[in-house]
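Take a look at the structure set out below.
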Amino acid sequence: MKRRMLVVIAILVAMLAIVQGCGKEEEKADVFTGFETEIVESELEEDVEMEEIESFEFVEKEADIAVNTKPQEYEIQIFASQKATDLDAVRSELQKLGFKTKTVKKVVNGENWYRLRLSNIFNISDAKKIGDEIKSKIASIDDVWIQKVL
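Taking my numbering, the leading residue of the sequence shown gets 190, the next gets one more, and so forth.
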């Protein structure tokens with residue numbers, strides 16, 4: 190009989206502890222909800238501060254446009270040869286079409302190569318169009334090399 194009484198008391202104590210633990214969690218939730226309300230209020234205050242700063246936003250937008258609009262990143266190589274004089278005929282044809290050119294000297298495996306490129310820098314779509322135009326107008330040019338400027 191004493192054993193049963195001890196078991197019943199132990200069960201009651203355990204149930205009481207569980208019930209009390211649940212009550213504490215509800216109190217914590219209420220405290221946390223109040224804290225969330227404070228955060229929302231401070232976010233509203235930050236929004237007001239941002240409105241004050243927005244009068245200077247036009248300067249930042251201009252800077253973003255200057256940084257983000259970098260469409261001209263490619264060079265077009267028209268011709269390459271180990272003799273610099275071989276570039277003269279192609280250069281002359283390109284000048285007749287209105288293109289400015291430059292010669293880039295590159296050493297490959299110990300040998301000099303002279304590369305004839307257009308002086309301008311283009312975005313990729315314009316580089317492809319201009320390359321196609323040059324191939325169609327100069328019979329000696331079968332292909333062009335479009336290279337990204339590093």
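Using N, Cα and C, we set each Cβ at its ideal position, and we do this for glycine too. In this text, all values refer to a predicted model and were calculated from it rather than measured experimentally.
Is it right to say residue i is buried, meaning 16 or more other beta carbons lie within 10 angstroms of its own, or is it exposed?
i      : result
Leu201 : exposed
Gly287 : exposed
Ile371 : Residue 371 lies beyond the residue range present for the chain, which begins at 190 and ends at 339; the question has no answer from this structure.
Ile323 : buried
Ala333 : Reading off the sequence, residue 333 comes out as Val, not Ala. Val333 is buried by the Cβ-count criterion.
Arg193 : exposed
Leu307 : buried
Leu339 : exposed
Any idea what DSSP makes of residue i, helix, strand or coil?
i      : result
Leu276 : helix
Ser329 : coil
Leu201 : helix
How many Å lie between residue i and residue j at the Cα?
i      : j      : result
Gln209 : Ala203 : 10 Å
Phe224 : Ala206 : With a pLDDT of 40 at Phe224, under the threshold of 50, the modelled position of this residue cannot be trusted, and the question is left open.
Asn301 : Ala269 : 10 Å
Val293 : Gly299 : 16 Å
Val196 : Met190 : 10 Å
Leu358 : Ile319 : Because the chain is modelled from 190 through 339, residue 358 falls outside the range shown and cannot be assessed.
Gln271 : Val296 : 10 Å
Lys289 : Gln336 : 17 Å
Lys291 : Ser325 : 21 Å
Ala316 : Leu305 : 15 Å
Tyr303 : Asp321 : 22 Å
Ala273 : Lys285 : 19 Å
Based on the DSSP secondary-structure assignment, which residues constitute the bridge partners of residue i?
i      : result
Ile310 : In DSSP, Ile310 forms no bridge with anything.
Ile335 : Ile265
Lys291 : Arg306
Glu282 : None, per the DSSP bridge assignment.
Glu300 : Val297
Whether or not the region 305-315 and the region 259-275 are in contact is what I'm after, with contact meaning three or more pairs of Cβ atoms, one per stretch, closer than 8 Å; do they touch? Yes, the region 259-275 touches the region 305-315.
For the region 276-295 against the region 327-339, do three or more pairs of beta-carbon atoms, one drawn from each stretch, fall closer than 8 Å, so that the two count as touching? Flag = yes, the region 276-295 and the region 327-339 touch.
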